[in-house]
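Below is one structure, written out as structure tokens; comments come after it.
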Amino acid sequence: MQRWESKLSRAVGYGLGAAALGLAGVVAGGTALARRVVTPDLSPAEPVLLDRIEREDDRIIVWLRGRHADLPGQYSLLFNGDAGHARVGPVLAIDRGAVSRQVLQVDRGVLQAGARGRLTGWWYATPEAVGLRTERIHYETELGAAEAWILHPPKVRRSQRGRWAVHVHGRGALPEETLRGVLPLARAGITSLVISYRNDPGAPAGDYGRYGMGVAESRDVDAAIAETLRRGAQRVTLFGWSMGGTAVLRSGTTGRYAAAVDGLILDSPAVDWPALLRHQAAAVAAPRPLADLGITLLKRGVVRGGEPGGIDFPSLRPQTVGRALQVPVLLHASRGDSFVPCAGAEALAASRPDLVQLRLQDEGEHVKLWNTDPEGWEAATEQFARALPKPGWRGDLLVPPVRLD
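Written out as structure tokens, the structure reads:
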């Protein structure tokens with residue numbers, strides 16, 4: 007996320023500089039902004055410096071400096087180009103800009119002073135770390151085979167058989183991001199399919215190698231639902247994070263297998279893309295007309311995104327999404343989210359109070375809500391999943407046969 011903001015700021019800076027030269031410069035700025043939105047980052051930023059390491063009795067304490075080093079809650083510390091992974095607890099102290107946290111576990115790599123990294127909300131380094139029986143499979147998408155993980159609940163009662171969930175990560179993240187949502191569903195007897203999708207490592211490239219803002223990615227979610235149905239699912243809960251929330255909303259409302267969906271769970275979802283892009287442009291001092299131009303260029307396909315023909319922005323607004331909802335929705339959002347403001351989530355909840363349950367926290371950065379309140383977050387998620395009614399009949403489901411791994 008940090009690298010995306012940095013590159014967007016640089017692109018906008020070039021555009022604003024060019025804008026002084028006239029209309030051509032304005033178009034150049036809008037084009038640069040639009041391209042950054044849909045272009046995957048090749049490597050994540052590492053804005054955190056591991057300043058020093060201390061030992062206190064049997065505890066290891068790390069002192070961190072940099073952006074978001076002082077976030078409340080517990081996090082994964084990915085370091086040395088993501089080769090290392092450690093879990094760190096809440097902030098213990100702040101001293102002259104450095105933040106101390108206890109190291110709870112090192113999953114891979116060796117912590118050393120001077121290493122650079124980033125704090126993420128992921129927590130689990132691998133699907134096996136969740137503690138459930140795991141299968142690594144491939145599922146077939148319209149672009150080819152993509153990697154996925156199946157995580158099985160420890161015990162399944164007869165009434166729970168046939169219940170599955172599909173977990174979808176956000177823009178620029180990896181499937182590990184979603185693993186925090188698996189255990190509360192497993193306690194409800196639900197089998198989880200955690201997927202990669204287009205432009206991920208282990209998945210095919212999307213059109214032009216770019217993102218479709220959840221629109222194109224929703225067809226990979228459709229393919230994942232089909233995979234669960236082939237494996238015996240009778241009803242499917244969709245669980246989306248950030249842009250994965252966009253994909254889940256689209257698949258669960260207008261997708262090919264929406265009739266099999268019993269509910270949606272969203273964390274920090276991108277619900278209002280026009281407002282979101284204007285917010286992110288404003289964060290790097292881009293004037294609104296430049297942001298609007300970028301949206302228009304993407305909508306018309308002048309700047310190519312991952313959706314042929316352009317991005318359907320009118321369908322990516324809370325009121326449009328709300329009208330299409332047919333099943334219950336649990337929506338985790340935070341007033342502390344600086345990347346995807348919670349206003350879009352609030353607007354969606356207000357548009358469909360009959361179906362949307364909004365769990366709005368006061369603190370928690372983007373897709374890091376679990377990290378500030380894991381017990382409350384998991385309890386609400388599990389309760390919602392247990393209470394979901396079986397979906398009513400909404401048409402026949404024709405699932406093409408595909409071999410199982």
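Under the numbering used here, the first residue of the sequence shown is numbered 7, with each subsequent residue one higher. In this text, a Cβ means the ideal position worked out from N, Cα and C, and glycines have one as well. This structure is a prediction, so every number in the text was calculated from the model and none was measured.
My output table needs one value for residue i: the three-state DSSP class, helix, strand or coil.
i                 : result
phenylalanine 390 : helix
glutamate 60      : strand
arginine 204      : coil
lysine 396        : coil
threonine 132     : coil
threonine 197     : strand
tyrosine 217      : coil
glutamine 286     : helix
threonine 45      : coil
glutamine 166     : helix
glutamine 332     : coil
glutamate 369     : coil
isoleucine 301    : helix
valine 227        : helix
serine 357        : helix
leucine 22        : Its pLDDT being 49, under 50, leucine 22 is placed unreliably in this model, and the value from its coordinates should be taken loosely. Three-state result, leucine 22: helix.
leucine 180       : coil
proline 96        : strand
Quick one: measure Cβ to Cβ for residue i and residue j, integer angstroms, because I've assumed they're closer than 8 angstroms.
i              : j             : result
glycine 115    : alanine 89    : 5 angstroms
valine 333     : leucine 364   : Their Cβ separation, rounded to whole angstroms, is 16 angstroms, which puts valine 333 and leucine 364 out of contact at 8 angstroms.
arginine 107   : valine 94     : 4 angstroms
valine 327     : leucine 283   : Contact doesn't hold; Cβ gap of about 16 angstroms is too wide.
lysine 396     : arginine 241  : 6 angstroms
tryptophan 138 : proline 160   : According to the sequence provided, residue 138 is leucine. The question's tryptophan does not apply to it. Right, their Cβ atoms sit about 7 angstroms apart.
alanine 152    : alanine 99    : Actually they are not in contact, since the Cβ atoms of alanine 152 and alanine 99 sit about 44 angstroms apart, beyond 8 angstroms.
alanine 356    : threonine 260 : Rounded, the Cβ-Cβ distance is 21 angstroms, inconsistent with contact.
What does a CB cutoff of less than 8 angstroms around residue i pick up in its chain, not counting 5 residues either side in sequence?
i             : result
arginine 163  : Gly195
asparagine 86 : Gly115, Ala121, Arg122, Gly123
alanine 454   : Outside the displayed range of the chain (7 to 411) lies residue 454, so it cannot be described from this structure.
glutamate 352 : Ala339, Leu364, Leu366
glutamine 111 : Ala92, Arg93
To which residues of the same chain is residue i closer than 6 angstroms at the C-beta, ignoring the five residues directly before and after it?
i              : result
alanine 104    : Asp57, Trp69, Arg71
alanine 393    : none
tryptophan 376 : Arg186, Trp383
glutamate 134  : Thr140
proline 46     : Asn205
proline 181    : His175, Val200, Ser202
Relative to the alpha-carbon of residue i, which residue among the options has its alpha-carbon at the smallest distance?
i              : options                        : result
threonine 132  : Leu366, Leu331, Asp113         : Asp113
isoleucine 156 : Ala192, Arg124, Pro395         : Ala192
aspartate 206  : Leu83, Gly398, Ala154, Gly246  : Ala154
proline 96     : Phe85, Val109, Leu84, Arg102   : Val109
glutamine 3    : Arg102, Gly269, Arg241, Leu125 : Since the first residue shown for the chain is 7 and the last is 411, residue 3 is missing from the structure and cannot be characterised.
leucine 55     : Ile201, Leu125, Gly35, Arg177  : Leu125
glutamate 60   : Leu117, Glu52, Leu83           : Leu117
glutamate 183  : Leu255, Gly246, Pro190         : Gly246
glutamine 325  : Glu369, Gly35, Pro359          : Pro359
histidine 175  : His91, Thr378, Val373          : Val373
glycine 315    : Ile100, Gly218, Met249, Ser357 : Gly218
aspartate 318  : Gly350, Pro280, Ser198         : Pro280
glutamine 367  : Ser357, Asp379, Ala356         : Asp379
glycine 370    : Gly398, Arg341, Ala349         : Arg341
alanine 119    : His158, Met249, Ile66          : Ile66
glycine 36     : Gln166, Glu148, Pro293, Gln111 : Pro293
valine 136     : Asp64, Ala179, Val200, Ala287  : Val200
serine 49      : Tyr130, Arg177, Glu62          : Arg177
leucine 84     : Asp63, Glu52, Asp64            : Glu52
glycine 150    : Asp226, Ala30, Gln166, Gln111  : Asp226
histidine 91   : Arg237, Ala287, Trp129         : Trp129
alanine 391    : Glu381, Ala34, Gln166, Ala349  : Gln166
glycine 238    : Met249, Val254, Ser198         : Ser198
glycine 250    : Ala179, Ala287, Ala349         : Ala179
glycine 350    : Glu62, Ser248, Gly307          : Ser248
Of all the CB atoms in chain D, is at least one closer than 8 angstroms to the CB of residue i?
i           : result
glycine 269 : The structure shown contains no chain D; it holds only a single protein chain.
Using C-beta distances below 7 angstroms, list every residue in its chain close to residue i, excluding the 5 sequence neighbours before and after it, in chain order.
i             : result
glycine 258   : Leu244, Ala264, Val267, Leu270, Val333
arginine 256  : Gly220, Val221, Ser224
histidine 285 : Pro347
tyrosine 81   : Val94, Leu125, Thr126, Gly127, Asn377
arginine 323  : Asp278, Pro280
alanine 253   : Val174, Gly220, Glu223, Ser224, Val227, Gly246
Following a CB-centred definition, is residue i positioned closer than 7 angstroms to any heavy atom of the ligand FAD?
i           : result
proline 334 : Absence of the ligand FAD from the depicted structure is noted, as is the absence of any ligand whatsoever, leaving it without description.
Cβ pair count under 8 angstroms reaching 3, the stretch 297-312 against the stretch 39-51 = Below 8 angstroms, enough C-beta pairs join the stretch 297-312 and the stretch 39-51 to call them touching: three or more.
Please determine if the stretch 139-157 and the stretch 75-82 are in contact, where contact requires at least 3 C-beta pairs separated by less than 8 angstroms.
-> In short, these stretches do not touch, since the Cβ pair count stays below three.
Contact the stretch 307-323 vs the stretch 213-221: 3+ CB pairs below 8 angstroms | The stretch 213-221 and the stretch 307-323 touch, with three or more beta-carbon pairs separated by less than 8 angstroms.
Can at least three beta-carbon pairs, one atom from the stretch 263-279 and one from the stretch 344-359, be found at a separation below 8 angstroms?
-> Short answer: they touch.
Quick check: the stretch 167-187 against the stretch 220-233, are there 3 or more CB pairs under 8 angstroms?
-> Using a Cβ-Cβ distance cut-off of 8 angstroms, the stretch 167-187 and the stretch 220-233 are in contact, since at least three pairs of beta carbons, one from each stretch, lie closer than that value.
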